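In the working numbering, the protein residues as written are 286 to 578.
To start, the structure under review is shown below, and the notes come after it.
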Amino acid sequence: MTALQERRANFLIPLTIYATFTMPELPEVETTARGIRPHVVEKKITAVIVRDARLRWPVPKELPQHLVGNAIEHVERRAKYLLLRMPSGTLLIHLGMSGNLRILPADTPAQTHDHVDVVFADHTCLRLRDPRRFGAMLWCDGDPGAHKLLRALGPEPLGEGFDGDYLFRATRKRKVAIKQFLMNQNIVVGVGNIYASEALFLAGINPRRAADKITKVQCSRLALEIKNILHYAIAQGGTTLRDFVGSNGDTGYFQLKLNVYGKEGAPCPRCGSAIMQIRQGQRSTFYCGQCQK
DNA sequence: CTTTGCACCTGTTGGC
DNA sequence: TGCCAACAGGTGCAAA
């Protein structure tokens, strides 16, 4: 048994991974936050390894000097951003379309697309992998809420600020299709391409309908269904995470019961007619033409 | 101001 | 089998 295996066996360091979701919408980012939180809070950062700084924006050259010597105080999520707060500022992480974070023994060999390690004093590290490099890792001093990328974001869908009344007011005079409206992060955050389709199915609303044609009653229903599907997905994410701790496979969405996303041609779970696929703003949308009006 | 389409990247899939 | 086009879960930005 190698020294590393021995340490693992003795649980001196975590076996591995947390949250290798490959398609991060809000529930996946929330699950990631919960997954890494117990393994990074109050950990002192001893090194930062940037193997490839070419993410959506270049990883700042000063990032290591900002981080090293600091200890992470809190892990928060705002929209699809992870906020790792420390005394002198905040590390902002966005997973883009293909990013994931894992907790690993710091000496785990890096593989392709493992771009950044944040190394802790206990010889574990937080490792960012992101094949498409649409993600971001940025430093923010001061209030992260005032950061350019965060300040215009809409309310959290699971918070008090998002309900039917809010949605009704926000949709007035907006001609864009409701599905694209829901994916606008300045209206409400965290709803991505999958959950937009799913929430509209649950609410019985046609994704092509103009936002300002949605009634007050429908807005209430839609806000409720958005909360429902996100809560459900987070709960499933938690399950997935538990099941996968100690393994090294991607978790993905296979445990999630989706009604319409990716189900073109399949029978609608409610009425049996074929699920349709259309394009809206260069994104795929799935819906039931019978149930969603 | 709202809306639209492009761009950024790599990897996978399906059709020929 | 190989090749190539199409597509993939996000989002800032320029242009209309």
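Think of the CB as a built atom: it goes at the ideal place given N, C-alpha and C, for glycine as much as any other residue.
Only a predicted model underlies this, so the values are computations on that prediction, with no experimental measurement involved.
Asked, Found
"C-beta atoms of residue 368 and residue 377 nearer than 9 angstroms", "yes"
"Unbroken beta strand (DSSP E) run spanning residue 385, endpoints", "385 to 390"
"For residue 351, the three-state DSSP class (helix, strand or coil)", "helix"
"Minimum C-alpha distance to residue 393 - residue among 383, 410, 406", "410"
"Among 402, 375, 421, nearest to residue 240 - alpha-carbon criterion", "Residue 240 is absent from the model: the chain starts at 286 and stops at 578."
"Residue of 404, 552, 507, 326 minimising C-alpha distance to residue 443", "507"
"Extent of the continuous alpha helix (DSSP H) to which residue 488 belongs", "478 to 488"
"Start and end residues, alpha helix (DSSP H) containing residue 571", "Run containing residue 571: none in the alpha helix (DSSP H); it sits in the beta strand (DSSP E), 568 to 573."
"Residue 342 and residue 423 closer than 9 angstroms at C-beta", "yes"
"Residue 372 to residue 356 span [Cα, whole Å]", "8 angstroms"
"Expected contact under 8 angstroms - CB spacing of residue 543 and residue 513 to nearest Å", "Between residue 513 and residue 543 the Cβ distance is about 14 angstroms, and since that is not below 8 angstroms, they are no contact."
"Reduced DSSP category for residue 454 - H, G, I as helix; E, B as strand; rest coil", "helix"
"Beta carbon of residue 570 nearer than 9 angstroms to that of residue 481", "yes"
"Selection from 453, 550, 471 that minimises the alpha carbon distance to residue 495", "453"
"Where residue 559 falls: helix, strand or coil (DSSP)", "strand"
"Whole-angstrom C-beta distance between residue 384 and residue 309, which should lie under 8 angstroms", "7 angstroms"
"Environment of residue 577 [buried if 16+ CB atoms lie within 10 Å]", "buried"
"Spatial distance of residue 491 from residue 574 (CA atoms)", "7 angstroms"
"Runs of alpha helix (DSSP H) lying entirely within the stretch 409 to 467, each at least 4 residues, in chain order", "449 to 456, 463 to 467"
"Cβ neighbour criterion (16 or more within 10 Å) applied to residue 436", "exposed"
"Buried or exposed (CB count within 10 angstroms, at least 16 for buried), residue 316", "buried"
"Integer Cβ distance of residue 364 from residue 470, believed to fall under 8 angstroms", "6 angstroms"
"Residue 518 (DSSP reduced to helix, strand or coil)", "helix"
"Cβ-Cβ distance between residue 434 and residue 421 below 9 angstroms", "yes"
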